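Asks: Residue numbers (UniProt numbering): 1 to 438.
For each residue, glycine too, the CB sits at the ideal point set by N, CA and C.
Note that this is a predicted model, so its numbers are computed, not measured.
Before I ask anything, here is the structure I am working with.
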């Protein structure tokens with residue numbers, strides 16, 4: 001059950017200065033959904049049943065096609081209402097519409113139970129499992145994206161990662177983006193990346209649920225700021241054949257009784273960290289789907305691209321899928337998972353990574369020997385396509401049990417609808433290559 005909440009006096013005061021509140025949630029693939037509610041009505045309804053909407057919207061794919069064959073919502077059930085219940089701790093003012101508020105909601109069914117289709121509920125389930133072992137998780141999210149003209153072409157053609165001049169060339173958009181994200185998220189920094197108009201944003205390392213909320217807010221705000229400047233912000237994983245793909249990297253640590261549980265043991269990974277790394281490696285092929293749900297995302301996994309291509313781990317090595325970072329400050333010691341695509345749903349991405357960590361801890365698994373040097377030619381290949389990733393995800397009973405079997409089934413079914421549409425489409429490449437040669 002979702003507990004009742006009492007708004008703090010500060011929120012009550014803020015609402016008197018607002019005209020409307022965006023009640024926001026996420027569909028399976030991380031698209032920002034929601035309702036705009038008059039501020040005068042918001043609290044009464046938020047403290048009541050919440051805000052009703054059609055459950056079908058939690059079961060559709062990228063183009064809004066409702067997917068048949070789901071367990072949790074379908075025509076047999078009539079696609080009933082579910083309810084968005086705001087988590088008042090997530091309340092923000094919308095920087096680009098200062099008379100509007102924004103709050104992230106949990107989704108509940110008629111009987112007030114968390115919807116198993118709600119990606120945020122999936123993450124909460126995983127965090128509860130982790131808490132049963134005495135741990136909490138902190139996560140830092142890195143998200144990359146391209147800033148483009150509305151037709152999808154670059155308007156800034158230089159490629160120099162970390163270049164201040166390239167960042168300045170994106171003004172006034174980049175400054176507006178920086179200021180907006182600073183107000184709307186826990187922003188750590190913004191920098192140019194390895195493609196023309198490509199930007200990386202880093203979010204402050206924080207509790208896992210708050211980190212996923214921040215990532216969802218960041219993606220929504222970035223698109224809105226770009227649109228207000230007449231530009232397109234895309235989190236498509238690989239929008240250009242010839243340029244760098246866009247990733248969603250996770251920096252993960254576990255904590256116990258307020259202390260960092262991954263603190264190094266004589267300069268090396270401690271036992272718990274090794275279990276976590278082992279779980280990530282063992283289950284990485286099957287959790288890849290949850291961080292790469294699009295057909296396009298698998299075009300990132302190529303050698304020498306700064307994206308991983310194989311199931312490997314190393315210490316501070318960007319050719320590995322799992323990168324161990326041991327710092328002098330034990331609170332900064334962490335594990336980076338580098339396989340996620342920028343178009344992923346942050347809740348599913350974080351939940352699946354932590355599910356693999358939990359599997360490693362519960363199984364007391366040990367990782368293979370740490371790799372060194374260029375690891376692009378080492379280890380098992382990551383799934384080569386969305387179709388392969390779906391099959392691997394649906395065979396991993398351990399991960400399904402931690403994430404929720406019905407939730408995994410339906411996520412995979414929605415992803416499968418993407419794959420089926422793709423394989424049934426005759427592309428321009430095929431016509432150009434085979435039409436006159438066949």
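Mind checking which residues open and close the alpha helix (DSSP H) that includes residue 421?
Replies: Taking the first residue of the chain shown as position 1, residue 421 is located at position 421. Where residue 421 is concerned, the enclosing alpha helix (DSSP H) stretches over 405 to 423.
Asks: From 346, 41, 8, pick the residue whose C-alpha is nearest to that of residue 216; which is it?
Replies: The count along the chain shown starts at 1 and reaches residue 216 at position 216. Selected option, being the one with the closest Cα: 346.
Asks: Find the nearest neighbour of residue 76 within the set 147, 339, 91, 55, judged by alpha-carbon distance.
Replies: Position 76 of the chain shown, counted from the start, is the residue given in the question as residue 76. Cα-wise, what sits closest to residue 76 is 55.
Asks: Would you say residue 61 and residue 418 are within 8 Å of each other, going by their C-beta atoms?
Replies: If you number the chain shown from 1, residue 61 lands on position 61. If you number the chain shown from 1, residue 418 lands on position 418. It is a contact, given that the beta carbons lie within the stated cut-off.
Asks: Going residue by residue through the segment 194 to 263, where are the continuous beta strand (DSSP E) segments of at least 3 residues, counting only ones entirely within it?
Replies: Runs of the beta strand (DSSP E) inside the segment 194 to 263: 198 to 203, 232 to 234, 248 to 256.
Asks: Output the boundary residues of the beta strand (DSSP E) element that contains residue 22.
Replies: For the purposes of this step, residue 22 is identified with residue 22 of the chain shown, where counting begins at 1. That run of the beta strand (DSSP E) goes 20 to 26.
Asks: What is the DSSP secondary structure of residue 191, counted as helix, strand or coil?
Replies: Here residue 191 refers to the residue found at position 191 when the chain shown is read from its first residue. Residue state, collapsed to three classes: strand.
Asks: Just to check my reading of the structure: residue 430 and residue 298 have Cβ atoms closer than 8 Å, yes? What is that Cβ distance to the nearest angstrom?
Replies: Taking the first residue of the chain shown as position 1, residue 430 is located at position 430. Taking the first residue of the chain shown as position 1, residue 298 is located at position 298. So it is not a contact: roughly 18 Å between Cβ atoms.
Asks: I need the DSSP call for residue 335, collapsed to helix, strand or coil.
Replies: The count along the chain shown starts at 1 and reaches residue 335 at position 335. Three-state result, residue 335: strand.
Asks: Can you tell me which of 107, 124, 147, 143 puts its alpha carbon nearest to the alpha carbon of residue 137?
Replies: On the chain shown, residue 137 is found 137 positions in, with the first residue counted as 1. Cα-wise, what sits closest to residue 137 is 124.
Asks: Tell me whether residue 86 sits in a helix, a strand or coil according to DSSP, three-state version.
Replies: Residue mapping note: residue 86 aligns to position 86 of the chain shown, counting from 1. In this structure, residue 86 counts as strand in the three-state DSSP scheme.
Asks: The alpha helix (DSSP H) spanning residue 348 covers which residue range?
Replies: Position 348 of the chain shown holds residue 348. Start and end: 346 to 362.
Asks: Less than 6 Å between C-beta atoms, sequence neighbours within five positions excluded: which residues of the same chain meet that for residue 352?
Replies: For the purposes of this step, residue 352 is identified with residue 352 of the chain shown, where counting begins at 1. Contacts found: 287, 290.
Asks: Does residue 258 pass the burial test, meaning 16 or more other C-beta atoms within 10 Å, or should it be called exposed?
Replies: By 1-based counting over the chain shown, the position of residue 258 is 258. Residue 258 is exposed by the Cβ-count criterion.
Asks: Quick one: give me the first and last residue of the alpha helix (DSSP H) that residue 313 is part of.
Replies: Looking up residue 313 in the chain shown gives position 313. Note, residue 313: premise wrong, no alpha helix (DSSP H); beta strand (DSSP E) at 313 to 315.
Asks: Are residue 270 and residue 264 closer than 8 Å when you measure CB to CB?
Replies: Start at 1 with the first residue of the chain shown, and residue 270 comes out as number 270. Start at 1 with the first residue of the chain shown, and residue 264 comes out as number 264. Yes; because the gap between Cβ atoms is below 8 Å, this pair is in contact.
Asks: Judging by CA-CA distance, which residue of 256, 415, 397, 67 is the nearest neighbour of residue 133?
Replies: On the chain shown, residue 133 is found 133 positions in, with the first residue counted as 1. Closest option to residue 133, Cα to Cα, is 256.
Asks: Buried or exposed, going by whether 16 or more other CB atoms sit within 10 Å of the CB of residue 244?
Replies: Taking the first residue of the chain shown as position 1, residue 244 is located at position 244. Counting Cβ neighbours within 10 Å, residue 244 comes out buried, since at least 16 surround it.
Asks: For residue 292 and residue 42, I'd like the C-alpha separation in whole angstroms.
Replies: If you number the chain shown from 1, residue 292 lands on position 292. If you number the chain shown from 1, residue 42 lands on position 42. Straight-line Cα distance between these residues: approximately 35 Å.
Asks: Could you give the residue range of the alpha helix (DSSP H) that holds residue 279?
Replies: Against the chain shown, residue 279 aligns to sequence position 279. Unbroken alpha helix (DSSP H) run through residue 279: 271 to 291.
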